[in-house]
Every structure is written in C-alpha cells, then in structure tokens.
Amino acid sequence: METVIGINFGSTNSSIAVLAPNGHFNVIANADGERMIPSVVGFSNDEEVSGTQALQQVVRNPKNTLQGFRKLIGKKFEEVKASSDVTHPDIVSKDGIPAYKVTFKEQEHIFTVPEIVTKHLKHVHEEAEAYLGNKVTGAVLAVPTYFTEHQREVLAKSAADAGINVLQTIKEPVAAALAYNFGQNPTKGDAQDKTALVLDMGASSFDVTVLSVRSGIYTILETAHDEALGGEAFTDELVQLVAQEFKKKTKVDVSGNKKALLKIRTAAEITKKQLARSASAPCSVESVAEGLDYHASINRLRFELAATKLFAKCNALIEHILEKAQLTAGAIDEILLVGGATRMPKFQSRIRDIFPETPMRLDQESDEAIAVGCAAQASLIAGFEKEDIAASTKENITVAPHTVKPIGVTGPNDEFFTIIPSHTPLPAKRVFEFGQAADGQTEVYFALYEGEQDPLPPKKEKVEKVDIGSDDEEEEEEEDLPVKPTYHKTTLLAEVVLKELPAGAKAGTLKIEATVQVDASGKTIITLREKKSGKQVRAESA
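In UniProt numbering, the protein residues as written are 1 to 542.
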C-alpha cells in the first residue's frame, strides 16, 4: 500500500499532512500532540536533538542550536550574512558552502547547511512514520517562489539523503491553492476562471502572489517577497515593547544585553500567538537581567499600535503587486491566507480595507495550508512512475503558451464580455449557450474579439482630517469600493453567421451552442450549433 505525505519545510516550523481514509487531510501530530515541528537542530555534550527538544535549549545553549537554515539552502558562503555573537551559532565556510561550527560530545564539529537540512528532514520523516505506523513511500515538498532550480535540487538531495522519496517539489502558493481547493471544482454558476491573492506570512518573510486558475491549471502571474515583514518583525516590536516596560519598572536597560533579549523573544513569541486569539495575553520572563523577573499582561491594541508601520508596509506591498500585475482590487476573486502570522486580527482587518468585498478564506488553518496542499498533490501523483512525474514537469511541457489579452464578445451596448481571460494556458476551449435576440430570427451573427483593459481609475489621495474643534457635524465621505476591471474590444479575431434557423421561434427559445477554441499557436476557431436541428457552422481566424 502506498503511503505518501506532504511536507512543508518552513524557516521556523515544519509540518506534515496525509490523506486519511475518510478523504480528509490530517496534519500529523507528534507524541506530545504538537502539529508543528520546530525547524531546529541542536547539539549538546552527549546528544543531537531536533524539533521541540532542540528548541527548548535555545536560551541555555544558543551557540549549538541551529535555526533558520532553510534560507541558506543552495547559497555560497559569500552570499550569507553571518552573525557571530553569544546568541548565534558560528557560521563558517566549508568548500565555499556555509556551515555551522558546533561543539558536540566535547569536540568541535563542522556541519554544512545541506547536512543540517538532512538531519532535520530525517527527524520529520521519522515523526511521520511513527504517527502512521508504517513506512512512508513518497513525499511532495513545497519550496518558496524565489528558490532557484539549484536550491530546489539541493533541497531534494538533502531530503533523499534523509531517506525521503521525493515525488515532486511544488511552489508554496500552488500548494496553498490546492489546500483551499481553489478553482478545482467549479459548480454551476461559479466561474472556472478565477484569480487569487495568496498572502503568505511566515516567520522570516512576507510573500505575496497573484495566482490565476484557468480550467484547473494554475499560473503564477506576479510575486513579491520581503524578508523585513515576517512574523519575526512583529515579534521584534513586542520585544522592544517589553524591554521598555522592563526598564521602566526596574531601571535596568537590556537593549544591549543579547541574552536578556533572547529570553524576552522566547516569551514574546508565545504572547504574540495568544494575542491573535484574545484582547490581552500574559508575558512572563524569568530572570531577565540582574536576577529580576518580568510579569505583565500585554494589551492587543498596544501591540498593534507598536506595529502600525509594519501593517502599513504589508498593505503597500500588496498594492505594489496589484499595480505590477495591472489589476484592480476588484479583479481578485479570493484571498488565501498562509502562515501563522496571518492570524493577527489587525493584519486581516487591514487587508479588508483594500478588499472589502473579496472573500477571505478562513476555512483552512493558515499555518497548515502548505502541508495539506502538498499532501493533496502527493495523493494525486502517487500512482505514477517517478520518471513520468519528472518528465511531465519539465519546462518544455509545463510552461505552455498563454493568452496575452482576453478574448470575448460584445453586447448590445458594445460592452465587452470575456470568454477566455488573459493568462489562460493554451490550447484552451470554452463552451456556452445563448438564444436568438428577436422573434422569428433566422440568422445569428457571432464575432470574437481581443479585448484590452480600460485605464485604471486614478488613486484618490488620502487626506488626513484635522479636528479644529468645530461643533458642526460633517458627513463622512464614502470610500469607493474596488471595482472589477472593464475591457473594450480591439482586434476582430473571427466572425461567423449561422443561417436557416427554424422559422417562427420566439426570442430566446432556440438553444445555440457556441464553442470557442484557441490552439497552441494562437489560432481561434468558432463553432455555432443549433441544438434542435443540429445545423452548425465553423470559422477560423486568419
């Protein structure tokens, strides 16, 4: 029996998902019931540990506790910014590859980043097999959109060295879309062509992706990545807030005390997660400095005010990618949330400021979405030979030509209706029905055009209102809601006339089936068929 899993190897945490017999996807928990496995490897005098056990030693043994190694995969030593202090392990060069110098069993050892990745993934693999009670035969891993082919290869080799049979690596936004089942089961009346905004905020970065689905095929249209906007940046704000409060209460300044700040950070991370669920949360740190403890309750509003600039930068990155993709906010059909930091209520409310009417998907645990998407892909390809999977994902097969402009028809007032959107992989086919416009009509004319998006409306500058103490009540100006982009016809691609329709039929009673096809070379074919009589006509573009 094939047992395949999905693995999300994150910068801070990793997770594993599997398709259960009931058809649902389960995220695997360890013996302690934890569904997130810290991406941490630690060494001590007598043992090597991974996951939660390794994370527990970060304060007392930071020089031998390794974190954040995913971002170093496939990089050269000169590309790495190495921090060397009492709270970070030493990073050295080994044959030009970044490596960690640690003390293990009272001896100095040097392990390269790929070796550490292998140790961590081996632990992940063992956790999966312990939970499932049988051998894992294959896995799909997710990679960030900014990973190069070389980085993907290094990750796949490290996984193979860990005993994992890697069936495929897929991009994180695609895994998220699969987890949310975005555009995969269009129901009647639900469009099969959609565009999603994937917001992925993990610990170390904020990734924004515009992704389209056209007849079940995903295409990444634009992506942006900012390492200054991850969950850690928000934790930093909380650390500074606690440090200032500690100084106010004890007169002890810990701003330059890295060990004290590391202790505060460990507690602040827990507090931040609790603030995503409640209006206030406790923050307790034993022996911060000079034997003094810190115990207080942090108010969510206070935290949000401290992080105001970060929330603003998140929105700015989203607006930037929409502009880059030449899309309005109204062109986004769904918002998919990925990563634990997207649970912050203020983050979600700021997103709703941009997309007040766009559905924000909250039906999937955001920090488990990528693992679930990988498991979904693994279950789909488990029955195929590995060589066939590799062959089907080669660029000459997967990178298909796409429509550059939308293709559609015009209405009675010359308004443009899209049939095949831009960015649709070719070949493409769409089938729909319509009826005749007038009583007794015996001919139907059908023309297909390329469309072009109308200019986006100019952005209104936000003017801050100044309270001058007037008693007069002023009506607040209503904000314009995002609108769907509109198009106008440009080039006529093909036209056809279906003649000799049954006489005497009332308007709209005849069922005329239109089939629009665009082949890989861009040639357009129209077929019209009157369903009752079977009469049809066909035309092609020049």
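In this text, a Cβ means the ideal position worked out from N, Cα and C, and glycines have one as well.
key: Residue closest to Glu415, alpha-carbon to alpha-carbon, out of Ala281, Glu2, Phe246, Glu452   = The shortest Cα separation from Glu415 among Ala281, Glu2, Phe246, Glu452 belongs to Glu452.
request  = Express the C-alpha separation of Thr87 and His109 in angstroms, rounding to a whole number.
outcome  = Going by the C-alpha atoms only, they are around 18 Å apart.
task = Find out if the Cβ-Cβ distance for the pair Glu319, Ile354 is shorter than 8 Å.
result = The answer is yes: Cβ separation under 8 Å.
inquiry  = Assuming contact is defined by CB atoms lying nearer than 8 Å, are Phe432 and Ala514 in contact in what I supplied?
reply    = Yes, Cβ-Cβ distance for Phe432 and Ala514 is below 8 Å.
query = In its own chain, which residues sit with a C-beta less than 7 Å from the C-beta of Ala268, not counting the 5 before and 5 after it?
reply = Excluding residues within five positions, the ones whose Cβ falls inside 7 Å are Thr235, Leu238, Val239, Val242, Cys283.
ask   = Can you pull the DSSP bridge partners for Ser284?
value = In DSSP, Ser284 forms a bridge with His295.
query = Who are the Cβ neighbours of Glu500 in its own chain at under 7 Å, not counting the five residues just before and after it?
reply = The residues Thr442, Lys535, in chain order, have a CB closer than 7 Å to that of Glu500 in the same chain once the five nearest residues on each side in sequence are set aside.
ask   = If you pair each beta-carbon of the segment 133 to 142 with each one of the segment 161 to 181, do three or more pairs fall below 8 Å?
value = Here the segment 133 to 142 lies against the segment 161 to 181, with 3 or more beta-carbon pairs under 8 Å apart.
task = Kindly identify the DSSP beta-bridge partner or partners of Ser215.
result = According to DSSP, which records beta bridges pairwise, Ser215 is partnered with nothing at all.
request  = Quick one: grab the DSSP three-state call for His24.
outcome  = DSSP places His24 in coil when its eight states are reduced to three.
key: Inter-stretch contact at 8 Å, needing at least 3 Cβ pairs: the segment 9 to 21 / the segment 368 to 379   = Between the segment 9 to 21 and the segment 368 to 379, the count of C-beta pairs closer than 8 Å reaches three or more; the two stretches touch.
message = Val338 and Asp200 - do their beta-carbons sit closer together than 8 Å?
response = Yes.
ask   = Do Pro38 and Lys75 have their C-beta atoms closer together than 8 Å?
value = No, Cβ-Cβ distance for Pro38 and Lys75 is not below 8 Å.
request  = Let me know the secondary structure DSSP gives Asp467 once reduced to three states.
outcome  = Residue placement at Asp467 cannot be trusted, given a pLDDT of 45 that sits under 50; what the coordinates show is reported in the next sentence. Looking at Asp467 - three-state DSSP - the assignment turns out to be coil, as it is neither helix nor strand.
query = Would you call the segment 216 to 229 and the segment 417 to 427 touching, i.e. three or more CB-CB distances under 8 Å?
reply = Here the segment 216 to 229 lies against the segment 417 to 427, with 3 or more beta-carbon pairs under 8 Å apart.
inquiry  = Can you confirm whether the segment 24 to 36 touches the segment 57 to 76 when touching is taken to mean that 3 or more C-beta pairs between the two stretches lie within less than 8 Å?
reply    = The segment 57 to 76, when compared against the segment 24 to 36, does not touch it at the 8 Å Cβ threshold.
query = Where does Gly138 sit, in a helix, a strand or coil, going by DSSP?
reply = DSSP, reduced to helix, strand and coil, places Gly138 within a strand of the structure shown.
task = For the beta strand (DSSP E) containing Lys81, list its first residue and its last residue.
result = Unbroken run through Lys81: none, as it is neither H nor E.
key: Outcome for Pro356 when other beta-carbon atoms lying within 10 angstroms are tallied against a minimum of 16   = So Pro356 counts as exposed.
request  = Answer yes or no: do Leu448 and Ile381 have a C-beta to C-beta separation smaller than 8 Å?
outcome  = No; because the gap between Cβ atoms is not below 8 Å, this pair is not in contact.
query = Would you call the CB atoms of Phe526 and Gly435 closer than 8 Å?
reply = Contrary to the premise, residue 526 reads as Ile rather than Phe in this sequence. If you check the CB distance, Ile526 and Gly435 do not come in under 8 Å.
inquiry  = At the level of alpha carbons, what is the spacing between residue 543 and Gly51?
reply    = Summary: the structure shown does not reach residue 543, with the chain confined to residues 1 through 542, and so no result is reported for it.
ask   = What residues are listed by DSSP as bridge partners for Glu36?
value = Here the sequence assigns Met to residue 36, which means Glu is not the residue at that position. Note: Met36 sits in no beta bridge, so no partner.
request  = Going by CA-CA distance only, name the one from Asp253, Ala428, Thr12 that's closest to Gly522.
outcome  = Selection Asp253, Ala428, Thr12 evaluated against Gly522 yields Ala428 as nearest (Cα-Cα).
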